[in-house]
Structures are given as structure tokens and as C-alpha cells.
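> Have a look at this one.
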Amino acid sequence: MKISFPRMGNSYIGFKHLCEGLGFEVVVPPSLTQKTITYGARYSPEFACMPFKVLTGTYVEVLEKGADVIISSGGIGPCRAGFYGVLHEKILKDIGYDFKFIVVDPPMANLKDFYNNVLFLKPRNLKWGSFLKKVRTAWKMLTALDGLDMLVAQRRAYELKKGDTQKAFETAVSYIDSAETYKEVVEAETEGRKLIERVPCDETRKPLRVGIVGEIYVVIEPFMNMDIERRLGEMGVITHRSIYVTTYVRHTIWDRKAEDYIKDAARPYLKQMVGGHGINSVGETVLYGKDNYDGVVQLAPFTCIPEIVARSILPKVSRDYDIPVLTLHIDEQTGETGVQTRLEAFLDLLREKQKVLGECS
Amino acid sequence: MRTYMGIDVGSVSTDVVLIDDDNNVIASAYIRTAGQPIKAVQEGLRLISREKPPEAKVYAVGSTGSARELAAAIVGADVVKNEITAHAVASSTLVPGVQTIIEIGGQDSKIIILRNGVVSDFAMNTVCAAGTGSFLDQQAARLGIPINEFGKIALKSKNSVRIAGRCSVFAESDMIHKQQMGHKMEDLLAGLCEALVRNYLNNVGKGKQILPPVAFQGGVAANEGMKKALEKALGMEVIIPKDYCLMGAIGAAMLARKQERENGQTNFRGFDVTDINYQVTSFECTKCPNLCEIICISIGENDICRWGGRCERWQISGEK
């Protein structure tokens, strides 16, 4: 049995170690490329969103590499992503692939399904104690990877030589990838952090601070958003986002009250759950406004309804909190030049604003 | 005389200007890019060097537009700036107190909102032709009307025809329908202007607070029919700056001047670049499945710059 799963940032490292630790052979999903998009666009409905197409493309690539089990996440609520698992399975089986497709829904959606999925992953002869230990190590890996991600988003803006932080980050990620036990993961994380913190920096800079909001997949996967955090970081901007793989899992499975403050912040503008991360995009923008961030970038897959709803509310939030918002709609036609031009213009806007505010005070 | 050059290489036209310290346009050139940006830039420089007074010396160069990097590499620019900022800089200097800039070019359209002289919001439309000049161009050609007559004819209309403007393909079929029903040419053209304005305001201008003074610039501002349609839709006067189709280039020149005042030097290669034979080659990098298309600009054997890659493998800085 060869297991595979979608790619979302560096999280594949954690999932790979977990599956291998449980005795499965793993087909590591290849990094997303034009090839993925080409497959994805060929086999997906034209008006499906970009995350759907990229997942289709990834699945085709891993099936070509011999995977026969694909594990994916489901979802609840009005976003059509909840339905994607079923649709993907149908499309791929129509193409002619023979495989088992496991959609892991949050336990509160269907506890029995969740339990059965866990049972599928747990080898019968493995004791529950050791199983949980392995899950714990993988979880530590995922949080360590997210932690590094958060750290570089803070550090890039200070680096003396453009690209140094990214290099250190990639090395740090490889440390985590080569760790095996819980203890090794902890050590790798410490070493990785040191490496990133040691990159020569100019601490006297006063970088702009920009919040990133939007749909989870285009926010997390750098290929989807043209590496926006690195792009902005290397243009001298500190970025912050509240969506990470581990926070998402934690907030949907056991820490379900954790995002209430975001929903509370959104409430004056949007009370209704609109699916996906729509309400979060509104709430987070409010919070960035309250925290005096310089700006917000909203990332939305083209045709994503939750983000369209959020987008039509954001101009009001932007006015109320005097925080500029740039929306980027992303699909397979998105050109890099267009994104770069808008980001440059947006940063010019933020810098001018900062200067004017500086002169006033 | 100290002068500053601005180059705006857009998809349809390439504009080059020389301005002096008081924002006077000393010389200007307008060339169709025609898919050959390098040639267009060289031709622009040739025209400028012919038109400018002999005592005018170039102290700094700025480039903007979708081929700004390319232009910068060829000419040796001191400032490379996106077109939104360049337009905003030019308008806010030349149109006192401007709060809204409407720019409609050949293949893109923008709206820039300024408050207290600072850009506070912007939007840009690049993929849809329904809100841009190319569509007017194409329809004028279809109707056999020279594009510079378009506006004058549209102004004669007393009863414009309503044309579906959401998409240029639908607009065209709707126009053909209306034309076959026997509507007058001037009414059709005025209707087309209104459809374009409607589409622009609903698409690019969506959610933006349009306050006067409004500046209307870009190639399409030459069309009086468009000005009238905009004024009708907005219910306010629309100002067309004197050099409406050079605003991007003027903005780039102003930014270059600012830079020169700060550091007092320039990378300008001189007007001789018009005689250099630049070669452009491209290839597909096969080092990873991204298959990036790498573009090289070279003089003889030397690559002066390369771009197009997602990674740093092929990068050489555009400076020298």
C-alpha cells in the first residue's frame, strides 16, 4: 500500500514521517509546478477554484507515481471544498485510476467516520500508546515547521543580503526533515531557529507590517500565492497570518473556541458563517486594523464565494480602521507581473501613508 | 539645461519624455510598441535626441509600464517604478488637489484614489478588454472610422443606444444587432462609450469613492465621447491633463529627478543605445518541472540581463 496526500507548504514533511512511522510506504507529493496546474486544469471543471485544480493535479501526479491510497481533508459548512473529496474521487476514477480515497472530516462532522479513518491508519499490532506517541512526534514536527515559517516572516525584512533568510529557512526545514524522534525534532527546531536568527541583519530598519488573510490553501501554499510572504519579506515587509496547518487542525478538532475572538471582531460587519475562511478574512482585517498594521493583503481563489463575500465587506472595514486592503484573486491565469505590479504599488501607498503619519505626529 | 527622461513602455504604446526642473515637457515621443519593446524604446530615444534642444542634458532616467525592467536594462535607468505610482506622482503634481485618477490605456485600466495628495487606494484591470482602449480601437476599425474621429462623431449623438458592455464579445454582437436595426452611427458610438464607462465603473471602480477633482488620462482620454460619457455617469466634471497620454512617462521622469537630487548620479547609457544591437533569446529551463521561460538580453556575446526564472539560477542583475 502506497499512501499519498495533498501538498500544503512544508506540512508534507510531518505527514510523511507519520505515515512512514506507521509502516506505510509514502509517495511524497511533488512540489507544485506548472505541470500540476496543467493536469489540474485539464481534468477539473473550468469554474472550480484554483485549490481544487491544484489538488486534482497533485493527485494525478502521485497516482502516476504509484500511490494507491490518497488521504485528504474534508470540510463542513457552505464552502464547496467540503464536497471536493467526493468530486475528486469521481473524476480520478473516471480517468481510470484505481485507488482508495480517504477523506478525513472533522470529528464533530461524523465521529464514527473519523474513528474508522484512524483505525485504518493504525496498524493492528501497534499499541495505542505507541500510536499516539508517533502522532505526537509528527504533530511536533508540524508545529516546528509552522514556527519556522512564522519566524522567517518576521526576519526577512531585516536581512542585509536578499535571500539569505530564505536559504537559512530551507536548511532549517531540512534539519526537521531529517529528525526521527520527538527529542530530535525539538533539537532540530532549536538549531533551525538559531540558524535563521544568525542571518546578518540591520535591526535599525522600521519595516512595514502587513497582514495576510484569505482562503486557507492559497494563504498557506507558497506556489499558489507566488510566494507572497517571501516576495514581501524581500521587499522589506514583515508579514503575519493567522492560518497555519497546525492552527487549522487544532481549531477544527479540539480547540474550537480559539477563533471566537476573530468571529467577534467580524461581528459588526458579518454575523453569518459564509463558509471557508470568509468570516476570518473580515475579522482578521479588523484585528490588523486595531493592531495598527500598515496594510492587509487578501488572497482569494478566483470564484471563491466566501472570499467574494469578504471582499465586498472589506472596503468598509478598510475605511473604518484606516487600513489599506489589497485583494488578489488567484487562478491558473494569474500572471506574475500583474501581482508584482500591484504589490509594488501597494507598498508605495503604505510607505507614503507611513511618511505622512510620521510627519503629523 | 538639466532634463530628466521618463520612459513608459506599455503593451500598446511606448512614450518617452524629457522634462525640466519645472515640469515642462521639453521633448516627447509616442511610438506604437507593436510587440517589440526594445525597438520601440530605441526609436523613442532617437526621436527625443532629434527633437530636444542641443543644450538639454539628461541627468537621470526613470522607467515604468509593463516592460519597465526591460527598458531599464537597455537604457540604464535610475528608477524603475510600477505604473500606478508613476501615474499618481504625475497627476498629483500636474492636477492640483486631484482625488481620483481614471486611467484607461490600450490594454489595461486603473483607478487611483488619492486623499491629501497621497494614494489611498487603487485597482487595476488587466485581463479583460471590455474596459480598455483596444476594444474601442477594434470597433472603430470594424465600422471603418479612424480612431481620432471616433470621439467627434460620438459627440453629435442626441440619443445614445444602450449597448451591453459586460464583455467585449457580447458588446460586439449587441452592437452588430443594434446597427442592423438601423441605429445611427453617432448613437452607436456614444452608446459604446457609455458601455465602456459603465463597465469601467462597475469593474475597476467598484467600491471606490470617486471624489472630485477627477483626472482622466491615458490614450483613451483623447476620445471626447469618453469624456462626455464619464461626466454623465459620474455627474461631475472630468479634467484631462494637457499631456494626458504621457502621464506615466512624466511620473517616471519626476521620480528619476527626485532620485538624482538625492544621490546626484545616473546610470544612463547615453543616446548611443539607439545604435546598439540588442539580441533577445529565450529558452525553457529544464532543471525542474517548473519549466520557466528564461529571457536573455545580450549585446554581442555578453548577456546584460536575464529574467523569467522562479529561482536565482539564471539571475544576473539588470544594472550592468
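For the protein sequence lines, the chains are A and B, in the order given. Taking the numbering used here, I'd label the letters of the first sequence as residues 506 to 866. Taking the numbering used here, I'd label the letters of the second sequence as residues 3 to 322. The beta-carbon is built from N, C-alpha and C at its ideal position, and this holds for glycine as well.
Once DSSP output is grouped into helix, strand and coil, what is the label at Lys322 (chain B)?
Counted from its first residue, the second sequence places residue 322 (chain B) at position 320. Its pLDDT being 32, under 50, Lys322 (chain B) is placed unreliably in this model, and the coordinates cannot settle the point.
> Along chain A, in chain order, which residues have C-beta atoms closer than 7 Å to that of Asp123 (chain B)?
Taking the first residue of the second sequence as 1, we reach residue 123 (chain B) at position 121. Ordered by position in chain A, the residues that pass the 7 Å Cβ test against Asp123 (chain B) are Pro829.
> Report, in whole angstroms, the separation of the C-beta atoms of Ala255 (chain B) and Gly8 (chain B), which I expect to be a contact under 8 Å.
By one-based count along the second sequence, residue 255 (chain B) stands at place 253. By one-based count along the second sequence, residue 8 (chain B) stands at place 6. With a Cβ gap of about 3 Å, Ala255 (chain B) and Gly8 (chain B) count as contacting.
> Can you find a C-beta in chain B that's less than 8 Å from the C-beta of Gly514 (chain A)?
Position 9 of the first sequence, counted from the first residue, corresponds to residue 514 (chain A). Output row for Gly514 (chain A): interface = no.
> What is the DSSP secondary structure of His185 (chain B), reduced to helix, strand or coil?
Locating residue 185 (chain B) in the second sequence gives position 183, counting from the first residue. Here His185 (chain B) carries a coil assignment [DSSP, helix/strand/coil].
> Report the rounded CA-to-CA distance for Pro727 (chain A) versus Met177 (chain B), giving the unit in angstroms.
If you number the first sequence from 1, residue 727 (chain A) lands on position 222. If you number the second sequence from 1, residue 177 (chain B) lands on position 175. C-alpha separation (whole angstroms): 44 Å.
> Could you tell me the alpha carbon to alpha carbon distance between Asn127 (chain B) and Gly107 (chain B), rounded to whole angstroms?
If you number the second sequence from 1, residue 127 (chain B) lands on position 125. If you number the second sequence from 1, residue 107 (chain B) lands on position 105. So the two alpha carbons sit approximately 10 Å from each other.
> Is the shortest distance between the beta-carbon of Leu293 (chain B) and the beta-carbons of chain A less than 8 Å?
Walking along the second sequence from the start, residue 293 (chain B) turns up at place 291. The Cβ of Leu293 (chain B) sits closer than 8 Å to at least one Cβ of chain A.
> Just to confirm my understanding: we take Gly783 (chain A), look at its own chain, exclude 5 residues before and 5 after, and list those with CB closer than 7 Å. What are they?
Numbered from 1 along the first sequence, position 278 holds the residue referred to as residue 783 (chain A). Excluding positions up to five away in sequence, the list reads Pro811, Glu812, Val814 and Ala815.
> Determine the direct distance from the alpha carbon of Leu157 (chain B) to that of Val230 (chain B), and round the result to whole angstroms.
Numbered from 1 along the second sequence, position 228 holds the residue referred to as residue 230 (chain B). Numbered from 1 along the second sequence, position 155 holds the residue referred to as residue 157 (chain B). One point to set straight first is that residue 230 (chain B) is Lys, not Val, in the sequence displayed. Distance between the alpha carbons of Lys230 (chain B) and Leu157 (chain B): 8 Å.
> Determine which residues share a DSSP beta bridge with His745 (chain A) and list them.
Here residue 745 (chain A) is taken as the residue at index 240 of the first sequence, counted from 1. According to DSSP, which records beta bridges pairwise, His745 (chain A) is partnered with A:Gly716.
> Could you tell me whether the Cβ of Val861 (chain A) comes closer than 8 Å to any Cβ of chain B?
As a working mapping, residue 861 (chain A) is identified with position 356 in the first sequence. True, the Cβ-Cβ gap to chain B drops below 8 Å.
> What residues in the segment 667 to 678 of chain A have a beta carbon less than 8 Å from any beta carbon of chain B?
Gly668
> Give the DSSP-derived three-state secondary structure of Glu664 (chain A) in the structure shown.
Taking the first residue of the first sequence as position 1, residue 664 (chain A) is located at position 159. Of the three classes helix, strand and coil, the one that applies to Glu664 (chain A) here is strand, per DSSP.
> Measure from the alpha carbon of Ala614 (chain A) to the alpha carbon of each residue in A:Ile758, A:Ser747, A:Leu713 and A:Pro550, then state which is nearest.
As a working note, residue 614 (chain A) is residue 109 in the first sequence. When only C-alpha atoms are compared, the closest one is A:Ile758.
> In terms of alpha-carbon separation, which member of A:Thr808, A:Gly863 and A:Tyr766 lies closest to Pro550 (chain A)?
Walking along the first sequence from the start, residue 550 (chain A) turns up at place 45. That would be A:Thr808, whose Cα lies nearest to the Cα of Pro550 (chain A).
> Check whether the Cβ of Ala73 (chain B) lies closer than 8 Å to any Cβ atom in chain A.
Translated into the one-based positions of the second sequence, residue 73 (chain B) becomes position 71. So, not an interface residue.
> Exposed or buried, what is Ile508 (chain A) when buried is set at 16 or more other beta-carbons lying within 10 Å of its beta-carbon?
One-based indexing of the first sequence puts residue 508 (chain A) at position 3. It is buried - the Cβ of Ile508 (chain A) has at least 16 other Cβ atoms within 10 Å.
> Am I right that Met506 (chain A) and Val574 (chain A) are in contact with their C-beta atoms under 8 Å? What's the rounded C-beta distance?
Here residue 506 (chain A) refers to the residue found at position 1 of the first sequence. Here residue 574 (chain A) refers to the residue found at position 69 of the first sequence. With a Cβ gap of about 6 Å, Met506 (chain A) and Val574 (chain A) count as contacting.
> Based on the DSSP secondary-structure assignment, which residues constitute the bridge partners of Phe124 (chain B)?
Within the second sequence, the letter at position 122 stands for residue 124 (chain B). DSSP lists B:Ile114 as partners of Phe124 (chain B).
> Give the range of the alpha helix (DSSP H) segment to which Asp305 (chain B) is assigned.
Along the second sequence, read from residue 1 onward, the residue named residue 305 (chain B) stands at position 303. No alpha helix (DSSP H) contains Asp305 (chain B), which is instead part of the beta strand (DSSP E) from Asn304 to Trp309.
> Note down, in chain order, each residue of its chain lying with its Cβ closer than 7 Å to the Cβ of Ser516 (chain A), except the 5 sequence neighbours on either side.
Locating residue 516 (chain A) in the first sequence gives position 11, counting from the first residue. Leu647, Leu650 and Val750.
> Is it the case that the Cβ atoms of Leu523 (chain A) and Ala684 (chain A) are separated by a distance below 8 Å?
As a working note, residue 523 (chain A) is residue 18 in the first sequence. As a working note, residue 684 (chain A) is residue 179 in the first sequence. Not closer than 8 Å, so no.
> Where does Val704 (chain A) sit, in a helix, a strand or coil, going by DSSP?
The count along the first sequence starts at 1 and reaches residue 704 (chain A) at position 199. Coil.
> Does the beta carbon of Val120 (chain B) come closer than 8 Å to any beta carbon on chain C?
The displayed structure is made up of protein chains A and B, and chain C is not among them.
> Going by DSSP, what residues sit across from Val801 (chain A) in a beta bridge?
Along the first sequence, one-based indexing puts residue 801 (chain A) at 296. The partner list for Val801 (chain A) (beta bridge, DSSP) reads A:Gly716 and A:Val830.
> Using a Cβ-Cβ cut-off of less than 9 Å, give me the residues of the segment 73 to 90 of chain B that come near chain A, in sequence order.
Lys83, Asn84, Glu85, Ile86, Thr87 and Ala90
> Given a cut-off of 8 Å, decide if Leu804 (chain A) and Val943 (chain A) are closer than it, judged by their beta-carbon atoms.
Given a span of 506 to 866 for chain A in the structure shown, any question on residue 943 (chain A) remains unanswerable.
> Whole angstroms are fine: how far does the CA of Val282 (chain B) sit from the CA of Ile301 (chain B)?
If you number the second sequence from 1, residue 301 (chain B) lands on position 299. If you number the second sequence from 1, residue 282 (chain B) lands on position 280. Straight through space, the alpha carbons of Val282 (chain B) and Ile301 (chain B) are spaced by roughly 9 Å.
> Distance check for Cys706 (chain A) and Thr102 (chain B), CA to CA, integer angstroms please.
Here residue 102 (chain B) refers to the residue found at position 100 of the second sequence. Here residue 706 (chain A) refers to the residue found at position 201 of the first sequence. When the Cα atoms are used, Thr102 (chain B) and Cys706 (chain A) turn out to be separated by approximately 40 Å.
> Quick one: which chain A residues come within Cβ less than 7 Å of Cys307 (chain B)?
One-based indexing of the second sequence puts residue 307 (chain B) at position 305. The contacting residues do not exist; Cys307 (chain B) stays about 16 Å from chain A at best.
> Quick check on the burial criterion: 16 or more other C-beta atoms within 10 angstroms. Buried or exposed for Phe674 (chain A)?
Against the first sequence, residue 674 (chain A) aligns to sequence position 169. Classification of Phe674 (chain A): buried, given that the 10 Å Cβ count is 16 or more.
> Residues in the same chain with beta-carbon distance under 7 Å from Ser13 (chain B), minus the five sequence neighbours each way, listed in chain order, please.
For this step, residue 13 (chain B) is matched to residue 11 along the second sequence. Setting aside the 5 residues that flank it on each side, Ser13 (chain B) is surrounded in the same chain by Thr35, Ser68, Gly108 and Gln109, each with a C-beta closer than 7 Å to its C-beta; the list follows chain order.
> Would you check whether the ligand PLP has a heavy atom nearer than 7 Å to the C-beta of Ile114 (chain B)?
Absence of the ligand PLP from the depicted structure is noted, as is the absence of any ligand whatsoever, leaving it without description.
> DSSP beta-bridge partners for Phe218 (chain B)?
Start at 1 with the first residue of the second sequence, and residue 218 (chain B) comes out as number 216. DSSP lists B:Ile104 as partners of Phe218 (chain B).
> I want to verify the contact list: residues of chain B whose CB lies under 9 Å from the CB of Glu849 (chain A), in sequence order.
Here residue 849 (chain A) is taken as the residue at index 344 of the first sequence, counted from 1. What Glu849 (chain A) touches in chain B: Lys83, Asn84, Ile86 and Thr87.
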